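What follows is a set of notes on a single structure, which appears directly below.
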Amino acid sequence: MKLTDRLQQVANYVKPGSVVADIGTDHGYLAVYLIKNNISPYVYASDVNQGPLNSAREQVRQQGLVHRIGLALSHGADRLKDHAIDQVVIAGMGGGLIAEIIENDLPFFQRVDSMILQPMTGQHDLRRYLLEKGFVIVDEDLAKEKHRLYQILLVTHGKDQKLEKWSNEELRLGKRILEKGHPLLPALLKKEEDKWNTILHQCEKKNTMEAKMRWEEAKSMLTALEEVKRRDHLRRYFTNN
41 MKLTDRLQQV ANYVKPGSVV ADIGTDHGYL AVYLIKNNIS PYVYASDVNQ
91 GPLNSAREQV RQQGLVHRIG LALSHGADRL KDHAIDQVVI AGMGGGLIAE
141 IIENDLPFFQ RVDSMILQPM TGQHDLRRYL LEKGFVIVDE DLAKEKHRLY
191 QILLVTHGKD QKLEKWSNEE LRLGKRILEK GHPLLPALLK KEEDKWNTIL
241 HQCEKKNTME AKMRWEEAKS MLTALEEVKR RDHLRRYFTN N
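Okay, so the sequence shown: first residue is 41 according to my numbering, each after it adds one.
See the structure below:
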């Protein structure tokens, strides 16, 4: 089974031999891939909706993996937290929902070895939440499918990382992504610049205090993004700009 680039990057963070919980499994493709490629001995796959779970169940049955993939109708970790799980995957949800799922069963997520998170939106708020709760963002990656970019986070629990070590732009773009000078970083920066330029122009047409504050936020972010481009190890990407 071939995964999409997004799910393949998620799978790349799974440590061989780990028992995995795939929360929000959708059609179960990741769970099947991890078993078929001998990466995981067992996967718990859950979804909050019956429809996707039925699709996953059929996929598991067709692949002959009913004894190695456990399926559960579950909101977050509700029906998973009593199992011995090494790694948790939460992919394809908004950052706010991912944070809510973690918060609802925080002790469970604090005791697993690591989490692999792939937020569709709200990456900034999710990173802030994780750092405030004492989690460590060990590594980050980017995946591209068509014209969309996806951020993937590898997270463990620890006490050696404080929120103040992450600037606003690092919370948005990913400190680890910036540190490694990811090849997709120029595309991510362009996406952020376009977003904040749009906000800037929209706010210029409004004469309210809220618009003024939003304009100042956009201006500050655009300045910060320009400073990112001037970092020594990133200049090679932007020499022609």
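For glycine and all other residues, C-beta sits at the position ideal for the given N, C-alpha and C.
Since this is a predicted model, take the numbers as computed values, not measurements.
When DSSP reads this structure, residue 175 sits in a beta bridge with 197.
Under the 10 Å beta carbon count, residue 256 is surrounded by fewer than 16 other beta carbons and is classified as exposed. Across the structure, residue 191 and residue 115 are spaced so that their CA atoms are roughly 23 Å apart.
Between the beta-carbon of residue 194 and that of residue 179 there is about 4 Å, and that keeps the pair under the 8 Å contact cut. With respect to the 9 Å criterion, residue 176 and residue 198 are classified as neighbours on the basis of their beta carbons. In this structure, the CA atom of residue 270 is about 42 Å from the CA atom of residue 59.
Counting only the Cα atoms, residue 46 lies some 17 Å from residue 138. The beta strand (DSSP E) runs lying completely inside the region 69–147 and spanning 3 residues or more are 83–87, 109–113, 127–133, given in chain order. Just so you know, the alpha carbons of residue 101 and residue 94 end up roughly 10 Å apart.
Residue 60 sits in a strand when the DSSP states are folded into three classes. For residue 160, no alpha helix (DSSP H) run applies, since DSSP gives it neither H nor E. About 5 Å separates the beta carbons of residue 79 and residue 54, which is inside the 8 Å limit, making them a contact pair. Of the residues assessed, residue 263 falls on the exposed side of the cut-off, its CB having fewer than 16 other CB atoms within 10 angstroms.
The three-state reading of DSSP puts residue 254 in helix, counting H, G and I together. Between the region 118–136 and the region 83–93 there are three or more C-beta pairs closer than 8 Å, enough to call the two in contact. At a Cβ-Cβ threshold of 9 Å, residue 149 and residue 142 count as neighbours. Comparing C-alpha distances from residue 259 to each of 243, 247, 272, 99 shows the shortest one belongs to 243. By the CB criterion at 9 Å, residue 96 and residue 67 fall inside the cutoff.
The alpha helix (DSSP H) runs of length 4 or more contained entirely in the region 186–247 are, from start to end of the chain, 208–213, 215–220, 225–244.
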